[in-house]
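Count the sequence shown with the UniProt record's numbering and you get residues 1 to 275, in order. Inspection log for the structure reproduced underneath, given as structure tokens.
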Amino acid sequence: MSTLYVVSTPIGNLEDITIRAIKTLFSVDYIACEDTRRTGFLLTQLKEKYTALINCNEEEKDKPKGALQNNVDILDTPHRTVILNNRKDYLGTSPKLISYYDEIESVRSLEILDLLLKENSVALVSDSGTPLIADPGFKLIEECIKRKIKVVPIPGASAVVTALTTSGLPADKFIFLGYLPGRKIKRIKLLKCILIDSRPRTHLSTFTVIVYESPHRLKDTLVDIKEIFGDIEIVIARELTKIHEEIWRGKISDALNHFSLPKGEFVILFPDVPA
Numbered sequence: 001m002s003t004l005y006v007v008s009t010p011i012g013n014l015e016d017i018t019i020r021a022i023k024t025l026f027s028v029d030y031i032a033c034e035d036t037r038r039t040g041f042l043l044t045q046l047k048e049k050y051t052a053l054i055n056c057n058e059e060e061k062d063k064p065k066g067a068l069q070n071n072v073d074i075l076d077t078p079h080r081t082v083i084l085n086n087r088k089d090y091l092g093t094s095p096k097l098i099s100y101y102d103e104i105e106s107v108r109s110l111e112i113l114d115l116l117l118k119e120n121s122v123a124l125v126s127d128s129g130t131p132l133i134a135d136p137g138f139k140l141i142e143e144c145i146k147r148k149i150k151v152v153p154i155p156g157a158s159a160v161v162t163a164l165t166t167s168g169l170p171a172d173k174f175i176f177l178g179y180l181p182g183r184k185i186k187r188i189k190l191l192k193c194i195l196i197d198s199r200p201r202t203h204l205s206t207f208t209v210i211v212y213e214s215p216h217r218l219k220d221t222l223v224d225i226k227e228i229f230g231d232i233e234i235v236i237a238r239e240l241t242k243i244h245e246e247i248w249r250g251k252i253s254d255a256l257n258h259f260s261l262p263k264g265e266f267v268i269l270f271p272d273v274p275a
């Protein structure tokens with residue numbers, strides 16, 4: 001039966017992957033991923049660390065249609081096709097990897113839909129964490145639902161929830177904005193929209209606001225938040241679940257000093273109440 005599995009992968013620590021995710025990744029015919037090299041490396045790591053589990057899983061299922069023995073087949077059309085043959089570091093059956101990233105999401109969604117309509121099983125993954133959360137995948141899910149193709153969630157790690165639950169900020173209501181717009185004027189406009197004073201009086205419940213940010217834009221984003229909300233207390237989570245994990249708490253002015261040379265991946269959390 002054709003099924004699309006939405007599979008969460010670790011955000012930094014390999015051991016955060018679930019048993020169900022491992023079994024799914026090594027049971028499907030294809031894996032749609034942002035970067036075939038990163039996902040291929042993930043499969044290699046899983047093979048090395050969880051060999052017994054994977055081999056046991058393979059004994060419980062029939063060999064998937066189109067899968068290759070001792071091989072990961074990277075199917076990367078229409079731009080390029082790379083086949084990695086005789087990969088001895090892969091044990092048992094491995095799926096074909098299909099590149100699926102923002103720039104080719106529309107075209108590749110149609111190709112994946114065609115595979116699903118031909119009774120293939122497909123796993124959708126992002127480079128890390130849960131697909132669709134500030135990552136591609138929405139168009140594919142939308143089209144699968146329209147065509148009544150079964151979509152199955154395989155939940156796991158997500159930087160949003162990981163940061164929120166350790167932030168010390170209220171977690172009962174939150175707004176996730178993904179990455180803020182690149183242009184300052186658009187960032188300011190969006191931040192003004194979520195400012196609690198700008199909302200109707202019937203919606204004055206306090207929310208925790210969560211955004212992702214890259215190192216090269218961290219300073220600009222913090223400056224803009226300070227401009228709209230004042231020098232409020234915020235939380236910045238960096239490199240979650242990795243060796244250099246850091247969960248920093250303090251005022252924005254102090255954050256600008258502390259992260260003067262930012263490195264890693266950032267999650268910024270703050271209340272929607274001005275100072």
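Note that the Cβ used here is the ideal one computed from N, Cα and C, for glycine as well. As the structure is a computational prediction, the values presented were derived from the model and not from experiment.
Keeping to the same chain, check which residues put their C-beta closer than 8 Å to that of residue i; ignore five residues upstream and five downstream.
i           : result
residue 251 : 231, 232, 233, 234
residue 53  : 19, 22, 23
residue 214 : 179, 265, 266
residue 155 : 8, 18, 130
residue 306 : Limits of the chain in this structure are 1 at one end and 275 at the other, which puts residue 306 out of reach.
Would residue i be called buried (16 or more neighbouring beta carbons within 10 Å of its own) or exposed?
i           : result
residue 46  : buried
residue 117 : exposed
residue 144 : buried
residue 189 : exposed
residue 170 : exposed
residue 260 : exposed
residue 41  : exposed
residue 110 : exposed
residue 175 : exposed
residue 29  : buried
residue 244 : exposed
residue 268 : buried
Using C-beta distances below 7 Å, list every residue in its chain close to residue i, excluding the 5 sequence neighbours before and after it, in chain order.
i           : result
residue 3   : 121, 150, 152
residue 222 : 252, 255, 256
residue 14  : 45, 49
residue 219 : 256
residue 105 : 136, 139
residue 39  : 31, 33, 97, 125
residue 191 : 224, 225, 228
residue 134 : 178, 179, 212
residue 57  : 23, 26, 27
With distances taken from CA atoms, which of the options is nearest residue i?
i           : options            : result
residue 193 : 274, 245, 165      : 274
residue 276 : 97, 179, 262       : Given a span of 1 to 275 for the chain in the structure shown, any question on residue 276 remains unanswerable.
residue 216 : 266, 245, 209, 187 : 266
residue 33  : 213, 191, 132      : 132
residue 186 : 167, 225, 172, 270 : 225
residue 159 : 247, 114, 183, 195 : 247
residue 181 : 212, 175, 170      : 212
residue 263 : 270, 238, 272, 249 : 238
residue 270 : 244, 16, 173       : 173
residue 148 : 95, 113, 99        : 113
residue 102 : 126, 115, 95       : 126
residue 99  : 35, 236, 228       : 35
residue 43  : 123, 236, 94, 249  : 94
residue 5   : 141, 57, 56, 51    : 141
Give a single yes or no on whether residue i has its beta carbon closer than 8 Å to a heavy atom of the ligand GDP.
i          : result
residue 12 : With respect to the ligand GDP, the structure shown offers nothing to examine, as it has no ligands at all.
What distance in whole Å lies between the Cβ atoms of residue j and residue i, which are believed to be in contact at a cut-off of 8 Å?
i           : j           : result
residue 293 : residue 210 : Outside the shown range of the chain (1 to 275) lies residue 293, about which nothing can therefore be said.
residue 130 : residue 164 : Not really, about 13 Å apart at Cβ, beyond 8 Å.
residue 242 : residue 12  : 4 Å
residue 206 : residue 272 : 6 Å
Skipping 5 residues on each side, what residues in its chain have a beta carbon closer than 6 Å to that of residue i?
i           : result
residue 258 : none
residue 162 : 240
residue 282 : Residue 282 lies beyond the residue range present for the chain, which begins at 1 and ends at 275; the question has no answer from this structure.
residue 249 : 235
At least one CB of chain B closer than 9 Å to the CB of residue i: is that the case?
i           : result
residue 240 : As a matter of chain content, chain B is missing from the structure shown, which is built from one protein chain.
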